[in-house]
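Residue numbers (UniProt numbering): 1 to 411. Even glycine gets a Cβ: it sits at the ideal position worked out from N, Cα and C. Shown next, in structure tokens, is the structure this report addresses.
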């Protein structure tokens, strides 16, 4: 039986501190500068219980804050990647509170009505039918979103979403090594990963929430169209509740590589991708990823370029890794990179003397300041209305009365 306390192995030199304790998770460092996170509840198909979301978010925050770590790989133990939320846990909470009919999602467990587990079945064309879910949100829960007991299920998840990852901005790449069932919340996490490697025989993807009357609200829906290449594909996945194999996800653009073999082969393939990434300048990787992310989030290309140059590039230009990269090219040798420093210093911003670290919930991945000056009341109003970053950007421009690009300070 896997340890519920979680484990950490092969702790490398160069870390500023040890990784936070993360139950039901194996943390290891199989390659230089690479973090491997393995969900370790194989008996429950790696379904994620509620307390684990915040613990995983702390682990991802720790990863981003470690200069010596440059890439992470996420996978699951046993035959599943992640079957979503722990449905039995949610059922017990709902029954104990005697209110609503909320269910958590995933391949593992029963429903709030006590129905039996429904396994995913893949047909020859790569699709199938299954009945699992991430969560429900009843009217009673909306009125009592305290985050305690069976109410407030949505609010019990951290700002980063399911597993602290499905709605996370972050600074550094995360590669999904999909070794098996990847459904509900598991699929939501994968949709927000930077690269995806999947088993040809075992990987199963899907958002089956609609089949039991719930919605995948932890970040998947806004990302589906951009990840799958079209609105119609996104709607098929979200509305039909079907499951898909790795070949279909590769055809639709979500999967970077399909792997023959077992879970170990999938993880090994993901580690090869990680090695390719960490062979490059860690500062350049962070900034390049941010540029892609800005575009994917719908920021106007001209504005995104301005944000990237003034908010990111200016902080690594002339830093030792850039100097080393150019020098090694001229000297025709491999570069020797330093652990990232310049990019990691970008963590928060003071607006007119106020520290606004918690504004990450609004802006997702970056803060905005116009020439270092901002009207705090206006910014706070935008924050409290939870406007999207693009709408917030437009509103700040309107308040300033000009279309000046903003200085970005990513978090």
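Span separating the alpha-carbon of residue 243 from that of residue 207: Here residue 243 corresponds to residue number 243 of the chain shown, with the count starting at 1. Here residue 207 corresponds to residue number 207 of the chain shown, with the count starting at 1. Inter-residue distance for residue 243 and residue 207 is about 7 Å (C-alpha atoms, whole angstroms).
For the structure I just gave you, are there three or more beta carbon pairs, one from the region 80-89 and one from the region 180-199, closer than 8 Å? Yes, they touch.
Host beta strand (DSSP E) of residue 51 (start-end): Translated into the one-based positions of the chain shown, residue 51 becomes position 51. For residue 51, there is no enclosing beta strand (DSSP E); the residue is found in the alpha helix (DSSP H) stretching over 50-65.
Below 8 Å on the Cβ atoms is my guess for residue 166 versus residue 238; work out the distance and round it to an integer in Å. Position 166 of the chain shown holds residue 166. Position 238 of the chain shown holds residue 238. Not quite, the Cβ-Cβ distance comes to about 14 Å (not below 8 Å), so this is no contact.
Can you list, in chain order, the residues of its chain whose CB lies under 8 Å from that of residue 226, leaving out five sequence neighbours each side? What you label residue 226 is simply residue 226 of the chain shown in a count that begins at 1. Answer for residue 226: 296, listed in chain order.
Among the residues of its own chain, which have a CB less than 6 Å from the CB of residue 58, if the five just before and after it don't count? Position 58 of the chain shown, counting from 1, holds the residue named residue 58. Taken in chain order, the residues that qualify are 20.
Runs of 3 residues minimum, wholly inside the region 174-223: which ones carry the beta strand (DSSP E) assignment? Taking only runs of at least 3 residues, the beta strand (DSSP E) segments lying wholly in the region 174-223 are 174-178, 181-183, 195-199 and 204-206.
For the alpha helix (DSSP H) that residue 258 lies in, which residues bound it at each end? Taking the chain shown and counting its residues from 1, the one referred to as residue 258 is at position 258. For residue 258, no alpha helix (DSSP H) encloses it; the enclosing beta strand (DSSP E) starts and ends at 257-259.
CA-to-CA distance, residue 203 to residue 245, given in whole angstroms: Stepping through the chain shown from its first residue, residue 245 is reached at position 245. Stepping through the chain shown from its first residue, residue 203 is reached at position 203. Distance between the alpha carbons of residue 245 and residue 203: 6 Å.
Exposure label - residue 9; buried when at least 16 CB within 10 Å: By one-based count along the chain shown, residue 9 stands at place 9. Residue 9 should be labelled exposed.
Taking Cβ positions, are residue 11 and residue 29 nearer each other than 8 Å? Position 11 of the chain shown, counting from 1, holds the residue named residue 11. Position 29 of the chain shown, counting from 1, holds the residue named residue 29. Yes. Within cutoff.
Which listed residue (161, 173, 159 and 38) has its alpha carbon closest to that of residue 288: Locating residue 288 in the chain shown gives position 288, counting from the first residue. If we check each option's Cα against that of residue 288, 173 comes out closest.
C-alpha gap between residue 414 and residue 268, whole angstroms: There is no way to answer for residue 414, as the model of the chain reaches only from 1 to 411.
Determine the direct distance from the alpha carbon of residue 176 to that of residue 194, and round the result to whole angstroms. For the purposes of this step, residue 194 is taken as the residue at position 194 of the chain shown. For the purposes of this step, residue 176 is taken as the residue at position 176 of the chain shown. Roughly 8 Å between the two C-alpha positions.
Three-way DSSP call (helix, strand, coil) for residue 268 in this model: The sequence position of residue 268 within the chain shown is 268, counting from 1. In the structure shown, residue 268 sits in a helix (DSSP, three-state: H, G or I).
Determine the extent of the beta strand (DSSP E) in which residue 326 is found, giving its start and end residues. For this step, residue 326 is matched to residue 326 along the chain shown. Where residue 326 is concerned, there is no enclosing beta strand (DSSP E), although the alpha helix (DSSP H) around it starts and stops at 320-330.
Identified DSSP bridge partners for residue 80: Working through the chain shown from its first residue, we reach residue 80 at position 80. DSSP lists 181 as partners of residue 80.
Residue 287 by DSSP, collapsed to three states: which one? On the chain shown, residue 287 is found 287 positions in, with the first residue counted as 1. Helix, per DSSP.
Is the separation between the beta-carbon of residue 291 and that of residue 308 shorter than 8 Å? Counting from one through the chain shown, the residue named residue 291 turns up at place 291. Counting from one through the chain shown, the residue named residue 308 turns up at place 308. Yes, these two residues count as a Cβ contact at 8 Å.
Whole-angstrom Cβ separation of residue 48 and residue 163, contact assumed at under 8 Å? Residue mapping note: residue 48 aligns to position 48 of the chain shown, counting from 1. Residue mapping note: residue 163 aligns to position 163 of the chain shown, counting from 1. With 8 Å as the limit, residue 48 and residue 163 qualify as a contact, their Cβ atoms being about 6 Å apart.
Cα-Cα separation between residue 218 and residue 312, rounded to whole angstroms: On the chain shown, residue 218 is found 218 positions in, with the first residue counted as 1. On the chain shown, residue 312 is found 312 positions in, with the first residue counted as 1. Straight-line Cα distance between these residues: approximately 28 Å.
Return the residue from the list 15, 73, 14 and 64 that minimises the CA-CA distance to residue 26. As a first step, residue 26 is located in the chain shown; it is residue number 26 there, counting from the start. For residue 26, the nearest C-alpha among the options comes from 73.
Residue 252 vs residue 228 beta-carbon contact at 8 Å: Along the chain shown, one-based indexing puts residue 252 at 252. Along the chain shown, one-based indexing puts residue 228 at 228. The Cβ atoms of residue 252 and residue 228 lie closer than 8 Å to each other.
How many Å lie between residue 319 and residue 179 at the Cα? Here residue 319 refers to the residue found at position 319 of the chain shown. Here residue 179 refers to the residue found at position 179 of the chain shown. Roughly 39 Å separates the two Cα atoms.
Beta-bridge pairing of residue 26 - partner residues as DSSP gives them: As a first step, residue 26 is located in the chain shown; it is residue number 26 there, counting from the start. Within the DSSP bridge table, the entry for residue 26 names 7 and 38 as partners.
Is the CB-CB distance between residue 14 and residue 68 below 8 Å? Position 14 of the chain shown, counting from 1, holds the residue named residue 14. Position 68 of the chain shown, counting from 1, holds the residue named residue 68. With a cutoff of 8 Å on beta-carbon distance, residue 14 and residue 68 are scored as near each other.
Run through DSSP, which three-state label would residue 235 get? As a position in the chain shown, residue 235 is number 235, starting the count at 1. Here residue 235 sits in helix by DSSP.
Reduced DSSP category for residue 15 - H, G, I as helix; E, B as strand; rest coil: Reading the chain shown from its first residue, position 15 is the one you call residue 15. Under the three-state reduction of DSSP, residue 15 is assigned to coil, being neither helix nor strand.
Got a sec, what are the start and stop residues for the alpha helix (DSSP H) residue 305 sits in? Working through the chain shown from its first residue, we reach residue 305 at position 305. Counting along the chain, the alpha helix (DSSP H) containing residue 305 begins and ends at 301-307.
Counterpart residues of residue 68 in DSSP-defined beta bridges: For this step, residue 68 is matched to residue 68 along the chain shown. None, per the DSSP bridge assignment.
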